[in-house]
């Protein structure tokens, strides 16, 4: 084959590879915009380790708005106003971490959703870069309501327990739509370390954190910080 033909062939292969790399994430985001995501990499990895896999999808209309408010209060107060990245929270986390002590993250609910659904656990720079890309994609393609719906369905709330419905059954023996403000606050309180803390019979740390979250839920409702998910109240 002439050299010019070989070069064209290589360019064609490179073009195809690049197209796949670009289109694959877009296709995944478009699919999950309308159907529940399959079990995630984290779910499958932990199941293979013997932790089980309790993952029960529930539409947002079957999840208590108390849990929406608790998640916003605990994880991302600016969820309805940012476009995937909360620069103030990121800067505060950087300043805190520079002072030493326990590492604090600045990830939004959108970033956590992108990571949980499409990527693997870890803190390497490759994954963080892909997380940023997927965050932009889901903020562009999905509504805020869909982002919250997916987040509440895939987040881990105990070893082998994923999503609001499984968590509500596991910790309180009830459906996600029946969660009280106190129960929702306790679920949100254990999110930093769901393998370490318990929502049903919490220790002092979780009780204090849950009380702060429950108080902040009033602010979320009163100031309409959840309006992009549950609509305007009153």
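In my numbering, the protein residues as written are 244 to 477.
Even glycine gets a Cβ: it sits at the ideal position worked out from N, Cα and C.
Predicted, not measured: the structure shown is a model, and the values here were computed from it.
For residue 352, which of 389, 421, 461, 404 has the nearest alpha-carbon? The count along the chain shown starts at 1 and reaches residue 352 at position 109. Closest option to residue 352, Cα to Cα, is 389.
Considering only residues of the same chain and omitting the five flanking positions on each side of residue 475, which have a CB-CB separation below 8 Å? Locating residue 475 in the chain shown gives position 232, where the first residue counts as 1. Cβ within range, chain order: 467.
Would you say the segment 385-404 touches the segment 282-302, given that touching needs at least three Cβ pairs under 8 Å? These segments touch.
Is DSSP giving residue 377 helix, strand or coil here? To locate residue 377, count along the chain shown from 1; it is residue 134. Note: residue 377 maps to helix in three-state DSSP.
Contacts around residue 463, its chain only, beta-carbon distance under 6 Å, and the 5 residues preceding and following it disregarded: Indexing the chain shown from 1 puts residue 463 at position 220. Cβ within range, chain order: 312, 315, 316, 469.
Residues bridged to residue 510 by DSSP? With the chain represented from 244 up to 477, any question about residue 510 goes unanswered, as that position is not in the structure.
Can you tell me whether residue 347 is helix, strand or coil according to DSSP? Looking up residue 347 in the chain shown gives position 104. Because residue 347 sits at a pLDDT of 46, beneath the cut-off of 50, its placement in the model cannot be relied upon, and the following sentence gives the value as read from the coordinates. Of the three classes helix, strand and coil, the one that applies to residue 347 here is coil, per DSSP.
Can you check whether the CB of residue 392 is closer than 8 Å to the CB of residue 271? If you number the chain shown from 1, residue 271 lands on position 28. If you number the chain shown from 1, residue 392 lands on position 149. For residue 271 and residue 392, no; Cβs fall outside 8 Å.
Determine the closest residue to residue 327 out of 381, 426, 395, with distance taken between C-alpha atoms. Residue mapping note: residue 327 aligns to position 84 of the chain shown, counting from 1. Among 381, 426, 395, the Cα nearest to that of residue 327 belongs to 381.
CB-CB under 6 Å to residue 453, same chain, minus the five flanking residues each way: which ones, in chain order? Working through the chain shown from its first residue, we reach residue 453 at position 210. Taken in chain order, the residues that qualify are 428, 429, 432.
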